[in-house]
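Student: Take this structure first; my questions come after.
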Amino acid sequence: MTTLDALLPTAEPLGLIDAEGNALGGDLPPDEILLELYRRMVVGRRFDAQATALTKQGRLAVYPSSRGQEACQIGAVLAMREQDWLFPTYRDSVAIVSRAVPPAEVLSLLRGEWHCGYDPHAHRVAPQCTPLATNTLHAVGLAHAARLKGEDTVAVVLLGDGATSEGDTHEALNFAAVWKAPVVFLVQNNGYAISVPLSKQTAAPSLAYKGVGYGMRSMLVDGNDAAMVYTAVKQAIASDGPTLIEALTYRIEAHTNADDATRYRPSDEVQRWLGRDPIARLETYLRARRLLDDAAAERLTAEAEERAAAVREEMNRDVEVDPAELFAHVYATPTPALVAQRKELES
Amino acid sequence: MTEPVSMAGALNAALADALSDDPRVLVFGEDVGALGGVFRITDGLAAKFGDERVFDTPLAESGIVGTAIGMAMNGLVPVVEMQFDAFAYPAFEQITSHLAKLRNRTRGRVGLPVVVRVPYGGGIGGVEHHSDSSEAYYTHTPGLRVVTPGTPADAYRLLRQAIACPDPVIFLEPKRRYWAKETAVLSADGPAIDRAVVRRTGNDVTLIAYGGTVATALEAAEAAVEEDWDVEVVDLRSLSPFDDETVTASVRRTGRVVVVHEASRFTGYGAEVVARLQEQCFHYLQAPILRVAGLDIPYPPPKLEQHHLPTVDRILDAVARLQWDDNA
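Residue numbers (my numbering), protein chains in the order written: chain A, 4 to 350; chain B, 812 to 1139.
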């Protein structure tokens, strides 16, 4: 029998490196992992800035930035094994790029070229989910199927604080717990669902408590501490059954480039969270340990610039779209009515 | 030797044979395990195939369809049961936004061979929320196939075809026909999943029916003999896609049409049938196409449902109104 104590999250968020870059005494991941977390976060933030810039040039219809949430995006992906599946939302482009999906394919949705531009099976990344929380159930189904087939595959599903109010989240937590499905629910609690603050979303002391009611082990972690997120997700992947992780973080930018965050949140709150930046704290730690010096940091900045330039160049090329494709994938074989409509459109 | 088989028995046999033939097939939903389903369609399957392949889920329809999607993404072929028509509504978002669209969203890379079985329609004296004809909600969603059998043999065939189909299929079971029997050899061969069939040939009028109204239409066709009307009955089987070829061939021959369904008339499935036929067969029509449908009311309580459901008399009344005199 599972005891309640084994399921409960800690009262305070777990952390390994604090906002000032000090190690808090827990077991840190190996140095090469810390360096890789840092590298990917720097590259990811530059990609994110590039994507926002592309909206201003009209190359992307819209872009929901994840600036400030890099520790969650990168920590989760780096903890995943090749055979695991990622179920991302629209705000998780940085995580998907970090999972080695070509950036242009990730941005296909926001470029308006097609809905999902990458091959989910090739990368083990589900399409980005736009209706909130529906992907939690897909993750549970995929993970349960893996178990039935005897495969060692874990599904990591990303969701936000707002999505925890959706019914599907609760059905997914319940199904996963009953089936003991290998799923990691990583709730990136960034404080706002577009404009609605957490206080209007829930009365629970922590979103992590939502797992406990379903009999699921739940954790509360500092979501701006990449080492902590990495460690928590890695432990959850290695454990039996599902885990819910609430990671406390903050969305530095507005909901999307089309949103005005000054209408619903004070700037001093943003300033406070800038002081808890996930990249700066890890950099401070790495420099103090002499794992990172100016030369290495410059090399990394150059790499991030180079990658951003490649994204910019690719997205500045006009993309060919084919109206005939509208009919090609609705069914495995187009129906006679769709063939007729295609011919009508072509004539 | 062939024994008379009910539609419930034929559906049970189809599930059992699909589970035997394909290890990827799973059957799950509410009460489908030990109980065998509230209509006993899954009777004995859990005992025969084990609780990893036939199992009860928590009571949550969105969860059932949503997890079926994930399982299909991972190579399995889920056949899920919604306990009743109106109890499938919590799964509507998963069905319309994900099940129907994932193949298209992913440029054909992720198909979802999922079958959602839904006992639908009235005529069983069910209390509220147990008798909806919900087909138009699904047929209005591109990416779904929507089929409904009218006979036991076709129930077996269509369900085997649905399970073998690479597209998601909403499989609507006319629950008031579950216990009607037919002597037939059960086989998946025969008309394909997307074809209508002519159940009775005739030269004067085409009755277009599906699911629960096929038997009613056939009964009306027999009764019409007394009035000297030679009535053809087309069983649509596939509501989406629509088999224009079979239906228009019949209509062009008879020139008169009545569409029969239990669902409410207003923006019901029959509206699409009528629109398609006047677009394609206008010069063959001898009279406006009529609809015999449910009333435009929420499904009535059991003691009043006979006023809502299409009856032989209502069908014959409609046939009588097909402007026979104008043509004399």
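Note that the Cβ used here is the ideal one computed from N, Cα and C, for glycine as well.
For A:N192 and A:V160, what's the separation of their Cα atoms in angstroms?
Tutor: Rounded to the nearest angstrom, the two C-alpha atoms are 14 angstroms apart.
Student: So who's on the other strand from B:R956, going by DSSP bridges?
Tutor: Per DSSP, B:V980.
Student: Using the C-alpha atoms, what's the distance from A:I197 back to B:R1011?
Tutor: Their backbone Cα atoms lie some 59 angstroms apart in a straight line.
Student: Going along chain A in order, which residues have a C-beta closer than 7 angstroms to the C-beta of B:A1060?
Tutor: Per Cβ cutoff of 7 angstroms: no residues; B:A1060 is ~14 angstroms from chain A at best.
Student: Assuming A:D122 and B:R920 are in contact, meaning their beta carbons sit under 8 angstroms apart, how far apart are those beta carbons, in whole angstroms?
Tutor: Sure, about 5 angstroms apart at Cβ, within 8 angstroms.
Student: Quick one: list the residues of chain B neighbouring A:P130, beta-carbon separation under 9 angstroms, in chain order.
Tutor: The answer, in chain order, is L913, R916, T917 and V921.
Student: Hey, which unbroken runs of the beta strand (DSSP E) at 3 residues or more fall wholly within the segment 223–302 of chain A?
Tutor: Listed in chain order, the complete beta strand (DSSP E) runs (minimum 3 residues) inside the segment 223–302 of chain A are 246–251.
Student: Give the straight-line distance between the Cα atoms of A:P67 and A:T259, rounded to the nearest whole angstrom.
Tutor: About 4 angstroms.
Student: At what residue ranges does the segment 153–206 of chain A contain a whole run of the alpha helix (DSSP H), taking only runs of 4 or more?
Tutor: 170–182 and 201–204, all fully within the segment 153–206 of chain A.
Student: Give me the chain B residues within the contact set of A:G244, using Cβ-Cβ distance strictly less than 8 angstroms, ordered along the chain.
Tutor: None at all; the shortest Cβ gap to chain B is about 15 angstroms.
Student: Report the partner residues of A:V215 according to the DSSP bridge assignment.
Tutor: In DSSP, A:V215 forms no bridge with anything.
Student: Take the Cβ of B:L1115 as the centre, count every other Cβ of all protein chains shown within 10 Å, and call the residue buried at 16 or more, exposed below.
Tutor: Answer is exposed; the Cβ neighbour count stays below 16.
Student: If we count the other Cβ atoms within 10 Å of its Cβ and call it buried at 16 or more, is A:A353 buried or exposed?
Tutor: This structure cannot settle anything about residue 353 of chain A, because the visible part of chain A is limited to 4 through 350.
Student: DSSP three-state call for B:Y931: helix, strand or coil?
Tutor: Reduced to three states, the DSSP call for B:Y931 is strand.
Student: Verify the CB distance criterion: does B:D862 have a CB-CB separation below 8 angstroms to chain A?
Tutor: Judged by the 8 angstroms Cβ criterion, B:D862 is not in contact with chain A.
Student: Please compile the residues from chain A whose C-beta is within a distance smaller than 8 angstroms of the C-beta of B:G881.
Tutor: Result: L140, H141, A142, V143, G144, L145, A146, H147, A148 and A158.
Student: Quick test of your reading: B:V891 and B:I875, contact by CB under 8 angstroms. State the CB separation rounded to the nearest angstrom.
Tutor: Correct: roughly 5 angstroms between the Cβ atoms.
Student: Does chain B have any CB closer than 8 angstroms to the CB of A:G115?
Tutor: It does not; no Cβ of chain B falls within 8 angstroms.
Student: Of all the beta strand (DSSP E) runs that stay within the bounds of the segment 871–956 of chain B, which reach a length of 3 or more residues?
Tutor: Those beta strand (DSSP E) runs which fall completely within the segment 871–956 of chain B and span 3+ residues are 888–892 and 926–931.
Student: Report the start-end ranges of each beta strand (DSSP E) in the segment 1044–1119 of chain B that is 3 residues or longer and not cut off at the edges.
Tutor: Counting whole runs of 3 or more residues, the segment 1044–1119 of chain B contains the beta strand (DSSP E) stretches 1049–1051, 1068–1075 and 1101–1105.
Student: Does the beta-carbon of A:N227 have 16 or more other beta-carbons within 10 angstroms, so that it is buried, or is it exposed?
Tutor: When all chains shown are included, A:N227 counts as buried.
Student: Would you verify that the beta carbon of A:A335 is, or is not, closer than 8 angstroms to some beta carbon of chain B?
Tutor: Output row for A:A335: interface = yes.
Student: By DSSP, does A:M4 sit in helix, in strand, or in coil?
Tutor: Any answer about A:M4 is weak, because its pLDDT of 49 lies below 50 and its placement is not dependable; what the coordinates show is given next. In this structure, A:M4 counts as coil in the three-state DSSP scheme.
Student: Going by Cα to Cα distance, which pick from B:V1071, B:R1125, B:R1048 and B:L1088 is closest to B:A1060?
Tutor: That would be B:L1088, whose Cα lies nearest to the Cα of B:A1060.
Student: Tell me the DSSP bridge mates of B:K992?
Tutor: Paired residue(s): B:S817.
Student: According to DSSP, is B:G961 helix, strand or coil?
Tutor: Note: B:G961 maps to coil in three-state DSSP.
Student: Determine, using beta carbons only, whether B:L983 and B:G933 come nearer to each other than 8 angstroms.
Tutor: No; because the gap between Cβ atoms is not below 8 angstroms, this pair is not in contact.
Student: Since A:V342 is in the alpha helix (DSSP H), which residue starts that stretch and which ends it?
Tutor: Its alpha helix (DSSP H) spans residues P339 to E349.
Student: Residues of chain B with CB under 8 angstroms from A:E174, in chain order?
Tutor: Ordered by position in chain B, the residues that pass the 8 angstroms Cβ test against A:E174 are P869, A871, S873, G874 and G877.
Student: Which two residues bound the contiguous alpha helix (DSSP H) that contains A:L2?
Tutor: Nothing about residue 2 of chain A can be read from this structure; chain A reaches only from 4 to 350.
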